[in-house]
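Enquirer: Quick one: structure below, then a few questions.
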C-alpha cells in the first residue's frame, strides 16, 4: 500500500510542486495550507509521515509539531529557510526527524522521505510478526531496548523516541565504550546516500539526553568525545 504523506505549508506553490513530486514516486499526498486544519486531520487520520513548514500564520510548524507530539510519534520533516538555524535546532529538540532548507531539490526531499519511511518500517512489528524471528531485546545496564516493538525503558521508566533517535541510541548501545563518529551515526540512522550535517546528529544526541533526563535527572550514559564522536557507557 502506498505511503500517505501530509504536506503542511501556507505557500500553495510549494504544496503543489511537492505534492506532484511525491505522487510521481507513488506516494499518496494530503495537502493543507492551514496548520490548524492540518492538526485536526493528522490526529484524526494519521498519515505515515508529515512535512511541515516552520513559518506559517496562526500556528507555526513548531507549535504544530508540539501539539502532534502530545498524542503521536509520527515521523516529521521540517522545511526551513536559510536564516532559521535556531528554529531548526528547536524543531529537532522537539522531536522532528529531519529538516531541509529552502530552496530545496525535490530529489533530496524524496530521498529523505524514503529513508525515514524505510527506518520506520524496520521498527514496526505487527502481531503477525511475533511468531517470526525478531531482534532480541537489548539490555545495557539500566537501559532496555526492544527493536521489534520500538520500546525503550530506562530504570523501568518508558522513554518515547523517534525512529531516528532509536537507531542512533541502538548503534551506541550495541557497542558500549566504543566511540562512534558522527559519520558512523549518520550511516546508522539514515542508511542512505543522503547528506546530513553534523549539527543534525548533535541535535539528536541533545534530545536523547533530555528525554532520558526527564526519566532520570542523573542520566549520563552518553559521553561526548570532542573531535571524535559519542559513546555509550554502562
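In my numbering, the protein residues as written are 46 to 279. Don't be surprised by glycine CBs; every beta carbon is placed ideally from N, CA and C. Predicted, not measured: the structure shown is a model, and the values here were computed from it.
Roughly how many angstroms separate the alpha carbons of residue 187 and residue 60, rounded to a whole number?
Expert: Answer to the nearest angstrom: the Cα atoms are 45 Å apart.
Enquirer: May I have a chain-ordered list of the beta strand (DSSP E) segments no shorter than 3 residues that lie completely inside the segment 100-146?
Expert: For the segment 100-146, whole beta strand (DSSP E) runs of length 3 or above, ordered along the chain, are 121-125 and 143-146.
Enquirer: Could you check which residue in 260, 97 and 184 has the C-alpha nearest to that of residue 143?
Expert: Cα-wise, what sits closest to residue 143 is 97.
Enquirer: So residue 104 packs on residue 81, CB below 8 Å; how close in whole Å?
Expert: Contact flag correct, Cβ pair sits at about 6 Å.
Enquirer: For residue 270, does the three-state DSSP call read helix, strand or coil?
Expert: Three-state result, residue 270: strand.
Enquirer: Closer than 7 Å by C-beta to residue 278: which residues in its own chain qualify, once you throw out the five before and the five after it? Chain order, please.
Expert: Here the set comprises 221, 222, 266 and 268.
Enquirer: Roughly how many angstroms lie between the CA atoms of residue 147 and residue 154, to the nearest whole one?
Expert: Distance between the alpha carbons of residue 147 and residue 154: 11 Å.
Enquirer: Could you tell me if residue 201 is buried or exposed, where buried requires 16 or more neighbouring beta carbons within 10 angstroms of its beta carbon?
Expert: The residue is exposed, with fewer than 16 neighbouring Cβ atoms inside 10 Å.
Enquirer: If you reduce the DSSP assignment to three classes, tell me which class residue 94 lands in.
Expert: The answer is strand: DSSP assigns residue 94 an E or B state.
Enquirer: Let me know the secondary structure DSSP gives residue 177 once reduced to three states.
Expert: Low confidence applies to residue 177: its pLDDT is 49, below 50, so where it sits in the model is not reliable, and the reading given next is rough at best. Here residue 177 sits in coil by DSSP.
Enquirer: Between 115, 136 and 226, which lies nearest to residue 122 when the distance is taken from Cα to Cα?
Expert: Checking every option, the nearest Cα to that of residue 122 belongs to 136.
Enquirer: Figure out for me which residue from 259, 228 and 232 has the closest Cα to the Cα of residue 206.
Expert: The shortest C-alpha separation from residue 206 is found at 259.
Enquirer: Taking the alpha carbon of residue 218 as the point to measure from, which residue in 160, 182 and 57 has its own alpha carbon closest?
Expert: Taking only the C-alpha atoms, the option nearest residue 218 is 182.
Enquirer: Can you give me the C-alpha to C-alpha distance between residue 160 and residue 50, rounded to a whole angstrom?
Expert: Taking the straight line from one Cα to the other gives about 14 Å.
Enquirer: For residue 246 and residue 276, I'd like the C-alpha separation in whole angstroms.
Expert: Cα-Cα distance, rounded: 13 Å.
Enquirer: Could you give the first and the last residue of the continuous alpha helix (DSSP H) run that contains residue 191?
Expert: Looking at the DSSP string, residue 191 is not in any alpha helix (DSSP H); the run it does join, the beta strand (DSSP E), is 188-191.
Enquirer: Mind reading off the beta-carbon distance from residue 256 to residue 208? Whole number of angstroms is fine, and I expect it under 8 Å.
Expert: Going by Cβ atoms, the distance from residue 256 to residue 208 rounds to 14 Å, so no, they are not a contact pair.
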